[in-house]
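Heads up: the sequence shown begins at 0 in numbering that gives the first Met the number 0, then just goes up one per residue.
For reference, the structure is listed below as structure tokens.
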Amino acid sequence: MTDTHSHLNDRQFAKDLEEVIRRAKEVGVRRINVVGYDLSSSQRAVEIADRYEGLYAVVGLHPYEAQRYSDSDLANVETLLSHPKVVAVGEIGLDYYRGPRDHKAQRALFRLQIDLARRHKKPVVLHVRDAYGDVLDVIRDFPDVLFVFHSFSGNEEDMAEILKWDNWYVSFSGMLTFLAHIRRAARISPRDRTFVETDAPYLSPVPMRGRRNEPAFVRYTLKRLSEIWKVDFEEAERITDSNAQEFFRYDMKRV
Ligand SMILES: [Zn+2]
Numbered sequence: 000m001t002d003t004h005s006h007l008n009d010r011q012f013a014k015d016l017e018e019v020i021r022r023a024k025e026v027g028v029r030r031i032n033v034v035g036y037d038l039s040s041s042q043r044a045v046e047i048a049d050r051y052e053g054l055y056a057v058v059g060l061h062p063y064e065a066q067r068y069s070d071s072d073l074a075n076v077e078t079l080l081s082h083p084k085v086v087a088v089g090e091i092g093l094d095y096y097r098g099p100r101d102h103k104a105q106r107a108l109f110r111l112q113i114d115l116a117r118r119h120k121k122p123v124v125l126h127v128r129d130a131y132g133d134v135l136d137v138i139r140d141f142p143d144v145l146f147v148f149h150s151f152s153g154n155e156e157d158m159a160e161i162l163k164w165d166n167w168y169v170s171f172s173g174m175l176t177f178l179a180h181i182r183r184a185a186r187i188s189p190r191d192r193t194f195v196e197t198d199a200p201y202l203s204p205v206p207m208r209g210r211r212n213e214p215a216f217v218r219y220t221l222k223r224l225s226e227i228w229k230v231d232f233e234e235a236e237r238i239t240d241s242n243a244q245e246f247f248r249y250d251m252k253r254v
């Protein structure tokens, strides 16, 4: 299994990180991405990835940063991209729900970082909240960059749009286990462009709702996905692992 999106860099894991990683490995989670959202969490993601086998980092500035980041933050993110265990730029995007009201500033930061990803030949992990249409408008301009809709929470119509673009991927979090409209969308999600994640410490899947989420729990989301797809667990695991490998290119020499 692959947990393509966790925040093991969150302070909620400061005390028992080793234990959390051990539990994940025990249940067969072989790869875990640790995702940043500002400069310091991105640096911490790289430190953690550097320390543990099977852990990788994703670095970038969340839309919350749109009105407070500096040019040097962006330059430092770019420096992190050359670390061999940094596999993507993220989580970046547009958040019109809780992000800064200056949507223009959000879009500017978003575009700058997609451009960074493109220059460094990295895929992009998208954070989208109440801004689906605007995100699509931006990413349509980058047909040569791979994008994943992290913790996909759209409906079938949204999924149908994603299906049209072969550089757009979908990742399901624990929300798949408790929201019916996401389950319906998952039925038609592209088998060659779908994978799973926890978004730990948030969004624990059923039956762990209300507890701190952790990478070992990704198996509940994968189990649910296998039921929706009507394949056995091992088949769903094989498919999503191979899609994650295709997207993040773990341990491959990059140009
Ligand atoms: Zn996240």
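The beta-carbon is built from N, C-alpha and C at its ideal position, and this holds for glycine as well.
What residue does the alpha helix (DSSP H) around residue i start on, and which one ends it?
| i | result |
| --- | --- |
| F151 | From DSSP, F151 is part of no alpha helix (DSSP H); its letter is neither H nor E. |
| N302 | Look at the range of the chain in this structure, 0 to 254, and you will see that residue 302 is not part of it. |
| F247 | F232 to F247 |
| I161 | E155 to L162 |
Beta strand (DSSP E) containing residue i: first to last residue?
| i | result |
| --- | --- |
| H6 | Run containing H6: none; DSSP gives neither H nor E here. |
| F171 | W167 to F171 |
| Y55 | L54 to V58 |
| N212 | Segment: none, N212 is in no beta strand (DSSP E) and carries neither H nor E. |
Where does residue i land, buried or exposed, given buried means 16+ other C-beta within 10 angstroms?
| i | result |
| --- | --- |
| E236 | buried |
| L162 | exposed |
| D198 | buried |
| N242 | buried |
| E234 | exposed |
| Y96 | exposed |
| E196 | buried |
| P293 | A question about residue 293 goes unanswered here, because the residues of the chain that appear run from 0 up to 254. |
| E52 | exposed |
| H4 | buried |
| N32 | buried |
In the DSSP output, what is residue i paired with across the bridge?
| i | result |
| --- | --- |
| D94 | R128 |
- Okay, do the stretch 182 to 189 and the stretch 205 to 214 touch, 3+ Cβ pairs below 8 Å being the bar? No contact exists between the stretch 182 to 189 and the stretch 205 to 214.
- Task: Could you name the residues whose beta carbon sits closer than 6 Å to any heavy atom belonging to ligand 1, keeping them in chain order?
- Result: That query returns the following residues: H4, H6, V34, E90 and D198.
### Message
With three or more C-beta pairs closer than 8 Å as the rule, is the stretch 64 to 84 touching the stretch 22 to 41?
### Response
Touching, yes.
Are the stretch 167 to 179 and the stretch 7 to 22 in contact at 8 Å, needing three or more beta carbon pairs? The stretch 7 to 22 and the stretch 167 to 179 do not touch, with fewer than three beta-carbon pairs separated by less than 8 Å.
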